[in-house]
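Reviewing the structure listed below.
Residue numbers (the working numbering): 788 to 973.
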């Protein structure tokens, strides 16, 4: 079974409930709302964001499609999901389609029990999934990366797909374990 081709949502209308924040004179934010609020994680006031992050536990499902992450914000998020015994974050489902990362994306030692979905994401810095374990699919279609991409010793249980976007994802596969069935790409 092959994955359906990835198609980026229209620039002005994401398919998910999106942030109500709009910069002056600009289009609205595409970030996925953090329910029950009308804004995405990046636009939550500091105190509310801190309270939201404090309520997360390792293994939480994340849906931050279209959200703009500073390097500090992604590190904050991954830190609250880190299990002391493993020194890496544990995530249920990881949805980061069309997210914009303004710095490095450090998923080293991460354990993602479900899918890791990064289709259409933009990463200004390096991305690293070294020694990460993904229990479902890892989809990196049409991802744009400004720095290096490292996937050494990453394990994907179902299937990994890396495709498109010019100089996007060309995984260094030294020791990478693709443990999915014969239909995997990667």
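Glycine included, each C-beta is placed from N, C-alpha and C at the ideal position.
Please read all numbers here as calculations on a predicted model, not as lab measurements.
Residue range of the unbroken beta strand (DSSP E) whose run includes residue i
i           : result
residue 924 : 924-928
residue 946 : 946-950
residue 862 : Element bounds for residue 862: not the beta strand (DSSP E) but the alpha helix (DSSP H), 858-867.
Nearest-angstrom Cα separation, counted from residue j out to residue i
i           : j           : result
residue 877 : residue 942 : 14 Å
residue 800 : residue 817 : 8 Å
residue 836 : residue 815 : 20 Å
residue 924 : residue 857 : 25 Å
residue 862 : residue 849 : 14 Å
residue 844 : residue 951 : 34 Å
residue 962 : residue 944 : Only weak support exists for where residue 962 lies, its pLDDT of 45 falling under 50; the value from the coordinates is given anyway. Those two C-alpha atoms are separated by around 15 Å.
Start-to-end residues for the alpha helix (DSSP H) that takes in residue i
i           : result
residue 877 : Note, residue 877: premise wrong, no alpha helix (DSSP H); beta strand (DSSP E) at 875-878.
residue 840 : 833-841
Residues of its chain near residue i, where Cβ-Cβ distance is below 8 Å and the 5 sequence neighbours each way are ignored
i           : result
residue 831 : 821, 824, 839
residue 896 : 873, 874, 875, 876, 917, 918, 919
residue 884 : 852, 853, 904, 905, 906, 907, 908
Residues of its chain near residue i, where Cβ-Cβ distance is below 7 Å and the 5 sequence neighbours each way are ignored
i           : result
residue 894 : 915, 916, 919
Neighbourhood of residue i by C-beta, 6 Å cutoff - its chain only, sequence neighbours within 5 removed
i           : result
residue 808 : 816, 826, 830
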